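Numbering (this note's numbering), first residue to last: 1 to 302.
Glycine is no exception: its CB is placed at the ideal position from the N, C-alpha and C atoms.
Keep in mind it's a predicted model, so treat the numbers as computed, not measured.
Notes to accompany the following structure.
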Amino acid sequence: MTDIKKYQGIIPAFYACYDKDGAVDPEAVRALTRWFIGKGVTGLYVGGSSGECIYQSKEERKLVLENVMAEAKGKLTVIAHIACNNTADSQELAAHAESLGVDAIAAIPPIYFKLPPYAIAKYWNDMSAAAPNTDFIIYNIPQLAGVSLTPALLREMLKNPRVIGVKNSSMPVQDIEEFRAEGCMVFNGPDEQLLSGLVAGATGGIGGTYGAMPELYLKIYELVRENRIQEARAIQDACLKIIIALCGCKGNMYAVIKAVLRKMGAPDCGGVRAPLYDLVPEDEAQVDKCVDMIRAAYEAYL
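As structure tokens, then:
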């Protein structure tokens with residue numbers, strides 16, 4: 001029986017941590033994990049978009065997860081995204097994640113080739129079979145994967161008893177309602193609509209900007225649980241403005257977030273991996289603006 005409580009709440013998507021030469025930095029991974037533990041979040045989503053997974057090797061992805069688990073096991077819920085663009089590598093990462101004791105594995109559908117639903121189901125079920133004692137979460141992000149999860153495909157996947165839910169990063173809140181109606185947990189993906197997703201019945205949220213301002217998202221979650229929706233809406237509005245600002249640089253948003261974290265005293269996670277575009281000198285003023293906006297929101301709402 002799945003312990004639903006361990007999946008409720010705010011689960012930041014973990015950021016890739018690199019040293020000055022661009023290699024995965026195990027010590028930075030551990031430091032960032034400890035930092036998140038100190039923030040009081042429910043868990044961590046490791047190896048997803050924020051973790052730059054498609055630009056990392058299997059060995060690097062294993063190294064990241066090993067160091068997260070060294071700090072987080074027994075303290076945070078850990079969901080490991082293990083999808084690669086072929087089944088065998090995905091199965092290898094699934095088995096590795098289970099050996100470390102993660103709470104769940106997750107996977108996007110195969111990208112590039114537009115596969116039929118039965119082929120997508122086999123891809124997911126094959127990797128689930130490689131981690132037979134671990135919960136499985138479907139990651140629906142059609143705007144990047146090019147494939148949309150449908151209620152029919154979800155019903156097929158729910159025949160697998162390890163499938164417990166969907167990380168839903170499509171924008172329509174209706175998708176959360178439809179997937180929840182099929183009898184599984186749904187995690188809100190788009191950070192811009194955490195409030196709407198929670199009201200629509202999401203168990204919690206998994207988000208790429210949560211790490212930049214975890215206290216604000218934790219407060220939204222708390223207020224929704226207390227049915228203080230208007231107060232939560234004000235914080236969600238502030239988060240939206242900050243997200244827009246985080247996307248306002250020439251450098252990639254994750255490079256901006258890592259710079260913001262450094263300025264706010266969090267561990268140094270380095271830059272981003274090419275072809276993601278790193279910060280340029282003219283981005284510095286925008287980074288400072290983002291820091292100021294986050295601090296102002298903390299003062300106003302926490």
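Supposed contact pair residue j and residue i - C-beta distance, whole angstroms, cut 8 Å
i      : j      : result
ILE37  : ALA72  : 7 Å
ILE111 : LEU93  : Their Cβ separation, rounded to whole angstroms, is 16 Å, which puts ILE111 and LEU93 out of contact at 8 Å.
ALA297 : LEU216 : 6 Å
VAL41  : VAL68  : Between VAL68 and VAL41 the Cβ distance is about 13 Å, and since that is not below 8 Å, they are no contact.
LYS114 : VAL78  : That pair is no contact at about 31 Å.
GLU301 : ALA13  : For the record, residue 301 in the displayed sequence is Tyr; it is not Glu. Not really, about 22 Å apart at Cβ, beyond 8 Å.
ALA145 : PRO109 : 5 Å
ALA97  : THR134 : 7 Å
ILE11  : ILE206 : 5 Å
LYS39  : ASP89  : Not really, about 32 Å apart at Cβ, beyond 8 Å.
TYR221 : GLY74  : About 22 Å separates the two Cβ atoms, so there is no contact after all.
ALA232 : LEU195 : 5 Å
GLY204 : SER49  : Actually they do not touch by this definition, with Cβ atoms about 18 Å apart.
LEU100 : LEU65  : 6 Å
Close-in-space but distant-in-sequence residues of the same chain around residue i (CB under 6 Å, 5 per side omitted)
i      : result
LEU198 : VAL224
ASN252 : VAL272, LEU276, TYR277
VAL166 : ILE138, ASN140, PHE179, VAL186
ALA16  : GLY51, GLU52
CYS349 : Here the chain comprises residues numbered 1 to 302, so residue 349 is not present and cannot be evaluated.
THR33  : VAL68, GLU71, ALA72
VAL102 : VAL78, ALA80
LEU218 : ILE10
PRO161 : none
Where the beta strand (DSSP E) through residue i begins and ends
i      : result
ALA106 : 104-107
VAL163 : 163-168
TYR277 : First-last for TYR277: undefined, no H or E at that position.
TYR139 : 135-140
ALA80  : 77-81
ALA44  : Here residue 44 is Leu; the residue named in the question, Ala, does not match the sequence. Its beta strand (DSSP E) spans residues 43-46.
Contacting residues, own chain, Cβ-Cβ under 7 Å from residue i (five flanking each side not counted)
i      : result
GLU91  : One detail in the question is off: residue 91 reads as Gln in this sequence, not Glu. ASP126, MET127, ALA130, listed in sequence order.
MET157 : ALA121, TRP124, ILE138, VAL163
ILE61  : For the sequence presented, residue 61 should be read as Arg rather than Ile. Cβ within range, chain order: GLY47, CYS53, LEU93.
ALA202 : ILE176, VAL186, PHE187, ASN188
GLU192 : LEU240, ILE243
ARG262 : ASP268
TRP35  : ALA266, PRO267
VAL29  : CYS17, VAL64, ASN67, VAL68
PRO142 : SER148, SER170
Same chain, Cβ closer than 8 Å to residue i, neighbours up to 5 away in sequence not counted
i      : result
VAL260 : ALA212, LEU246, VAL287, CYS290, VAL291, ILE294
LYS250 : TYR277, LEU279, VAL280, GLU282, ASP283
LYS20  : GLY270
ARG184 : The displayed chain sequence assigns Cys, not Arg, to residue 184. Around CYS184: LEU154, LEU158, VAL163, ILE164, GLY165, VAL166.
VAL173 : GLN193, SER196, GLY197, ALA200
ALA106 : TYR45, GLY48, ILE79, ALA80, HIS81, ILE82, ALA83, PHE136, ILE137, ILE138, TYR139, LYS167
Boundaries (first-last residue) of the alpha helix (DSSP H) holding residue i
i      : result
TYR221 : 214-225
SER57  : Neither: SER57 is in no alpha helix (DSSP H) and is coded neither H nor E.
PHE179 : 173-181
ASN125 : 117-129
ARG262 : 253-263
LEU100 : 87-100
LYS241 : 229-246
GLU156 : 151-157
VAL199 : 194-199
Residues sharing a beta bridge with residue i, DSSP
i      : result
ILE206 : ILE11
ASN188 : ASN168, GLY205
TYR301 : None, per the DSSP bridge assignment.
VAL24  : TYR18
### Task
Flag this pair as touching only if the segment 227-234 and the segment 18-28 have three or more C-beta atom pairs under 8 Å; answer yes or no.
They do not touch, by the three-pair rule.
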